[in-house]
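Trainee:
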Amino acid sequence: MKDRASAIDRQGRGGLGGPSGAGAPSLAGVPFSEVAYAAFGLLVYLGVHVGLNSTGGDAEPTVDGMATLNQAMVLLLGLAFVTRHRLICTAALADVRPFLLLLLLAAASSLWSQAPEASLRRSLTLATLMMFAVYAHAVLGTLLICRLHVIVTGVVAFASLAMAAIVPSSGFDVGGYAGAVRGVFSQKNSLGDAMVVGTVALSGLVLHRRRVVVTDLVCLAIAAGTCILAQATTSFLLCGAVAVITAVILLLIDASALAVFALMTGLMAAVLALWIVWVVPVDLFELLGKDSSLTGRTEIWAAVRRAIADGSVLGHGYSAFWLPETPTARNVWAAIGWVTPSAHSGYLELQLELGLPGLLLVAVLGLTTLWVVARAWGAGRWATAGWAVIVLTTIAIINYDESSLPRPDIHLLQWILAFAACSAGARTGEIVLAGPVPGGSPRQP
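Numbered according to this note's numbering, the sequence shown spans residues 2 to 446.
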């Protein structure tokens, strides 16, 4: 058992770095029970809706009994697996230490929350996600999780298309998006988001392998095609952006001249995008399939900002705002004329729930992530550092008009895993294996 634990320890906390062209660890050597648990956890944090959908995503928030059961299963099974690997899981806590401050703040917010029980209950859900992240990082490792995540994404995509074909009343969205596939999710945007995070996981495998193979292109095509069928234009563009950034990082690692050309091309594209946004914004919104109000989001943001200004600097409590019984939420719904389940902005959501302390803490977590990324890159762990940059960039963009932060979802899970992969090598004094130095000859061990 000791030999097995040490082998898992070396595999689990070893980031995405490795020899050039090395293949990712196989799932074949991992016990089926642990693979099944990890896959189930990914499905839960993706937000897969078990059962037939009957309402749209903007219905008044209610307690989902199936979601509660799923969270309980992740918690109980996770406790069993973490206990089995308690030594390496305990050691891996040091790799995610800054994120424990977010858990502490979320739990502490129940002291001033307008719905203390809801804040405490949701804090337990956040603690469960962090436990799952520590287990995944310490026992399975980032590479295995990325590989499993790509497989799960493919299963979700095909299951969603099958749902749309077999049970159209459940597989398609309702209201203004009646023709959009939502599949095994409660709304189409969730399906598109699942394709984005699946593409991010794929980028981790590509960066580790340091080359693109046919299966990578097939996976990317499946994700892009699913986004198109879901009419999730933003998710489609994000999948493309992740692919481009991954290619640029590969060029930075292996070919300095091509990297400079790619960076210049990227800068030109960024300038063009900014020009389009500022000079012809209406045309851009039409291109994205949205209106100038971002599908009503600007009205929500205005009402939410008023609620933030009228509330405490400490916020209304973790996950304690969008509840049917809270007058603050009803005031927002009355102001916009319809029921929204969120602020549709992670940054505003943070201020609503955890106030200024929450916003500052997440900013510190972002800066700390950039710091460990810089250290990993400087140590020659370019794949690990590059993947962390992709994860952080995706989260920053998505939270502009969607409320991921500070929810315990797949984005936070990827953030914790990326941070842990970067910080683990620095903590353990990992030796850099042979691999090409950007713009130079291969580095020797």
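C-beta atoms are modelled at their ideal positions from N, C-alpha and C, and glycine is treated no differently.
#1: Give the secondary structure of F322 by DSSP, where H, G and I count as helix, E and B as strand, and everything else as coil.
#2: Contact between the segment 227-243 and the segment 176-192 is defined here as three or more beta-carbon pairs at a separation below 8 Å; is this criterion met?
#3: Kindly indicate the opening and closing residues of the alpha helix (DSSP H) around D255.
#4: Tell me where the alpha helix (DSSP H) around W388 begins and ends.
#5: Hey, would you say H412 sits closer than 8 Å to V198, going by beta carbons?
#6: Quick check on the DSSP output: the alpha helix (DSSP H) that includes L44 runs from which residue to which?
#7: Do V151 and L206 have their CB atoms nearer than 8 Å?
#8: Please determine if the segment 327-343 and the segment 134-141 are in contact, where contact requires at least 3 C-beta pairs separated by less than 8 Å.
#9: Does DSSP classify F173 as helix, strand or coil?
#10: Exposed or buried, P325, counting other C-beta atoms within 10 Å across all chains shown (16 or more means buried)?
#11: Can you give the Cα-Cα distance for L414 and V157, rounded to whole angstroms?
#12: Between the Cα of V392 and those of G381, G379, G367 and S404, spot the shortest distance and give me the residue it belongs to.
#13: Using the rule of at least 16 other Cβ atoms within 10 Å of the residue's Cβ for burial, across every protein chain shown, is A386 buried or exposed?
#14: Got a sec, what are the start and stop residues for the alpha helix (DSSP H) R331 sits in?
#15: Based on Cα-Cα distance, which residue from G347, Y319 and I167 lies nearest to R123?
#16: Would you give the residue range spanned by the alpha helix (DSSP H) that R408 belongs to?
#17: Inspect the beta-carbon positions of G356 and P407 and report whether they are closer than 8 Å.
#18: Who does V182 pair with in a DSSP beta bridge?
#19: Whole angstroms are fine: how far does the CA of L315 sit from the CA of A304?
#20: Quick check: the Cα distance between M67 and A380, rounded to an integer number of angstroms?
#21: DSSP state of T114, grouped into three classes?
#22: State the Cα-Cα distance for the pair Q72 and D255, rounded to the nearest angstrom.
#23: List the whole-angstrom C-beta distance separating G347 from S405, where the pair is believed to meet the contact cut-off of C-beta under 8 Å.
#24: So H138 is in the alpha helix (DSSP H); what residue range does that whole segment cover?
#25: Check R211 in the structure and name its three-state DSSP category.
#26: Between A310 and V333, which are expected to be in contact by the criterion C-beta below 8 Å, what is the C-beta distance as a whole number of angstroms?
#27: Determine whether the beta carbon atoms of E354 and A321 lie at a separation below 8 Å.
#28: Do the CB positions of G48 and D410 come within less than 8 Å of each other?
#29: Considering only the beta carbon of each residue, do R165 and G172 sit closer than 8 Å?
#30: Can you tell me whether DSSP reads G24 as helix, strand or coil?
#31: Taking all protein chains shown into account, decide if A37 is buried (16 or more other Cβ within 10 angstroms of its Cβ) or exposed.
#32: Which residues mark the beginning and the end of the alpha helix (DSSP H) in which H345 is found?
#33: Run the CB neighbour count on A134, radius 10 Å, all protein chains shown included, and call it buried at 16 or more, exposed below.
#34: Have a look at W35 and F82 and give me their C-alpha separation to the nearest angstrom.
#35: Run through the segment 78-111 for me and flag every whole alpha helix (DSSP H) of 4 or more residues, listed as ranges in chain order.
#36: How far does the alpha helix (DSSP H) with T143 in it reach, from first residue to last?
Mentor: Judging by the given coordinates:
#1: coil
#2: yes
#3: T234 to D255
#4: W383 to D402
#5: yes
#6: F33 to L47
#7: yes
#8: no
#9: strand
#10: exposed
#11: 18 Å
#12: G367
#13: buried
#14: P328 to I337
#15: Y319
#16: Note, R408: premise wrong, no alpha helix (DSSP H); not H, not E.
#17: no
#18: F173
#19: 18 Å
#20: 45 Å
#21: Residue 114 is actually Ser in this sequence, not Thr. Three-state result, S114: coil.
#22: 42 Å
#23: 5 Å
#24: From DSSP, H138 is part of no alpha helix (DSSP H); its letter is neither H nor E.
#25: coil
#26: Going by Cβ atoms, the distance from A310 to V333 rounds to 12 Å, so no, they are not a contact pair.
#27: yes
#28: yes
#29: Per the sequence shown, residue 165 should be read as Ala rather than Arg. Yes, the Cβ-Cβ distance between A165 and G172 is below 8 Å.
#30: Confidence at G24 is low in this model, with a pLDDT of 49, below 50, so the placement of that residue should be treated as unreliable; the coordinate-derived value is given next. Residue state, collapsed to three classes: coil.
#31: exposed
#32: Looking at the DSSP string, H345 is not in any alpha helix (DSSP H), and its letter there is neither H nor E.
#33: buried
#34: What sits at residue 35 in the sequence shown is Glu, not Trp. Whole-angstrom Cα-Cα distance: 8 Å.
#35: 87-93 and 98-109
#36: T143 to I167
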